[in-house]
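Asker: Please see the structure below; I have some questions.
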Amino acid sequence: MASHIVSPAASIVRRFRLAAITALLALCLPAWAAELPFAQPRPQLYTAGQPSAAQLQQAAAAGVTTLIDLRQPDEARGFDETAAAERLGLRYVRIPIAGAAGLTDANAQALRTVLAQSQGPVLLHCASGNRAGALLALLEARNGASVDEALTLGRAAGMTSLEAPTRVLLEQDAAR
C-alpha cells in the first residue's frame, strides 16, 4: 500500500490557489451586494413601484444619484420621500403623471431633460412601475424607436395596464 506524500511545493500551490479563489470571490461581493431590487431597462436607469425608505437608502448606497417620482402629490408614499431623498443626497424630481392622461409630449420632454442632466444612475418610479414604463415607452418612441421597440422597453420597465393606451398613442403618432 502506497502512502500519499505531499511535497512542500504542492502544498504552497494549493494554498495559493485557495487564496486566489477567495480573493476573486471577495472582489465579486460588492457587485452582488449592490444589486438593486428594481427593474433595469437600460444601463444607469432603474424603474420601480413605490420604493420603501430602506430601498431608497440601498439605491443611494449603490450609486443612484437622481430619484424621479411620477406619483401625484396626493398619493400616499408611506414616508416623506422628499426628505428621505434629501438626507441621502439624492436629487429629487417630481413629474406627476395621472394615468394615461399624463402620457404627454410635455411629460416625455421633462423626463428627457432630467435624464440628460443626471450625473449618475437614476431611479424612476410611480406606484407600481406602470406609469414609469409607459412614459419611458413614449420617450423611446419620441427618440425614433418603433412602436414595438418602445413597448418592449416599457414592459421591461414595468408597464402593465397602461400598455393598451400607450400602444394607441404610439400608433397614432406613427401614422402621422
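Taken in order, the sequence shown gives residues -33 to -1, 1 to 143; the numbers are from mature numbering (1 follows the signal peptide of the UniProt record, and there is no 0). Virtual Cβ for every residue (Gly too), placed ideally from N, Cα, C.
With H, G and I counted as helix, E and B as strand and the rest as coil, what does DSSP make of Thr14?
Answerer: Against the sequence shown, residue 14 aligns to sequence position 47. Strand.
Asker: Would you say the region 3 to 21 touches the region 107 to 125, given that touching needs at least three Cβ pairs under 8 Å?
Answerer: yes
Asker: Closest to Gln17 by CA distance: which of Ala27, Ala28, Phe5 is it?
Answerer: Numbered from its first residue, the sequence shown carries residue 17 at position 50. When each option's Cα is compared against that of Gln17, the closest is Phe5.
Asker: For Arg134, which three-state DSSP category applies?
Answerer: The residue labelled residue 134 in the question sits at position 167 within the sequence shown. Correct three-state label for Arg134: helix.
Asker: With DSSP run on the structure shown, which of helix, strand or coil describes Thr33?
Answerer: Numbered from its first residue, the sequence shown carries residue 33 at position 66. It is a strand residue.
Asker: Identify which residue in Ala99, Thr49, Ser113 has its Cα closest to the Cα of Leu37.
Answerer: Stepping through the sequence shown from its first residue, residue 37 is reached at position 70. Nearest C-alpha to Leu37 among Ala99, Thr49, Ser113: Ala99.
Asker: Do you know offhand how far Ala51's Cα is from Glu138's?
Answerer: Locating residue 51 in the sequence shown gives position 84, counting from the first residue. Locating residue 138 in the sequence shown gives position 171, counting from the first residue. If I take the Cα positions, the gap works out to 39 Å.
Asker: When you compare only the Cα positions, how much space is there between Gln24 and Leu120?
Answerer: Within the sequence shown, residue 24 is the residue found at index 57, counting from 1. Within the sequence shown, residue 120 is the residue found at index 153, counting from 1. In this structure, the straight-line span from the alpha carbon of Gln24 to that of Leu120 is close to 26 Å.
Asker: Assuming Asp140 contacts Ala108 (C-beta within less than 8 Å), just tell me the rounded distance between them.
Answerer: Taking the first residue of the sequence shown as position 1, residue 140 is located at position 173. Taking the first residue of the sequence shown as position 1, residue 108 is located at position 141. Taking the Cβ atoms as the reference, Asp140 lies roughly 7 Å from Ala108, within the contact range of under 8 Å.
Asker: Quick check on this structure: which residue in Asn110, Ala28, Leu55 has the alpha carbon closest to the alpha carbon of Thr80?
Answerer: Numbered from its first residue, the sequence shown carries residue 80 at position 113. The shortest Cα separation from Thr80 among Asn110, Ala28, Leu55 belongs to Asn110.
Asker: At the level of alpha carbons, what is the spacing between Val31 and Gly87?
Answerer: Here residue 31 refers to the residue found at position 64 of the sequence shown. Here residue 87 refers to the residue found at position 120 of the sequence shown. Approximately 6 Å between the Cα atoms of the pair.
Asker: Mind checking Leu129: buried by the 16 CB within 10 Å criterion, or exposed?
Answerer: The residue you call residue 129 lines up with position 162 of the sequence shown. Counting Cβ neighbours within 10 Å, Leu129 comes out buried, since at least 16 surround it.
Asker: Tell me where the alpha helix (DSSP H) around Arg109 begins and ends.
Answerer: On the sequence shown, residue 109 is found 142 positions in, with the first residue counted as 1. Per DSSP, Arg109 is one residue of the alpha helix (DSSP H) stretching across 97 to 109.
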